[in-house]
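Accompanying notes for the structure given below.
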Amino acid sequence: LRKLTGTISKTKTTVIFINQLREKIGIMFGNPETTSGGRALKFYASIRIDIRPIEPIKQGDVVIGRRVKVKVVKNKVAPPFRIAEIEILANEGISREGGLIDMGITTGILDKSGAWINYGKTRIGQGRENAKQFLRDHADVAAEIDTKVRERSLVAGNETSSPNGEES
4 LRKLTGTISK
14 TKTTVIFINQ
24 LREKIGIMFG
34 NPETTSGGRA
44 LKFYASIRID
54 IRPIEPIKQG
64 DVVIGRRVKV
74 KVVKNKVAPP
84 FRIAEIEILA
94 NEGISREGGL
104 IDMGITTGIL
114 DKSGAWINYG
124 KTRIGQGREN
134 AKQFLRDHAD
144 VAAEIDTKVR
154 ERSLVAGNET
164 SSPNGEES
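With this note's numbering as the guide, the letters of the sequence shown map in order to residues 4 to 171.
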């Protein structure tokens, strides 16, 4: 891994390693969990993320995804130790609409009263899945909520710059 880091950096490549946890035997205090593969992966990684399942997401009796807790264990490029809960769906990946609903409620742009989720005077849906479907069907409303959430969160993520300075 030491020999690869220079090449990875020069070619602006992202390398993702997926690892599993093992139990250390005889640990009385502290966390008995460790990752296999030695210390090099922990040392050379720029970002390490711990993902733990919270609950399955079901559609009827069929599991279509999972709600997970994501904790940034190590981060050399941004503040570490951030925690988030996200939905990972089997056919989509990370649910954009689910994150938008969570952030909208957190920032106060969306209002949740009982099972209903409201955006201003508009009722988005009764229950989380119906609200997500509404946002999928009404992309203009989803974009408006996204803009307001970013403004309120002071995160300007709408413009990205390419390496040669052009905006995309």
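We treat Cβ as the ideally placed atom computed from N, Cα and C, and that holds for glycine.
Residue state for A146 is assigned as helix, using DSSP reduced to three classes. The residue from K27, G29, S49 with its alpha-carbon nearest to that of T17 is S49.
No Cβ-Cβ contact shorter than 7 Å links R55 with K27. In chain order, L138, A145, I148, D149, V152 place their CB closer than 8 Å to the CB of L103, counting only its own chain and leaving out the 5 sequence neighbours on each side.
One alpha carbon belongs to G9, the other to D143, and they sit about 43 Å apart.
DSSP assignment within the stretch 88-163 yields the following whole beta strand (DSSP E) runs of 3 residues or more, N-terminal first: 114-116, 119-122, 125-129. Around the beta carbon of A134, 16 or more other beta carbons sit within 10 angstroms, so the residue counts as buried.
Residues V73, K74, V75, V76 of the same chain have their beta carbon placed closer than 8 Å to that of I52, with the five preceding and five following residues left out of the count. Inter-residue distance for T37 and R99 is about 31 Å (C-alpha atoms, whole angstroms). In the DSSP annotation of this structure, the continuous segment of the alpha helix (DSSP H) that includes I11 starts and ends at 5-13.
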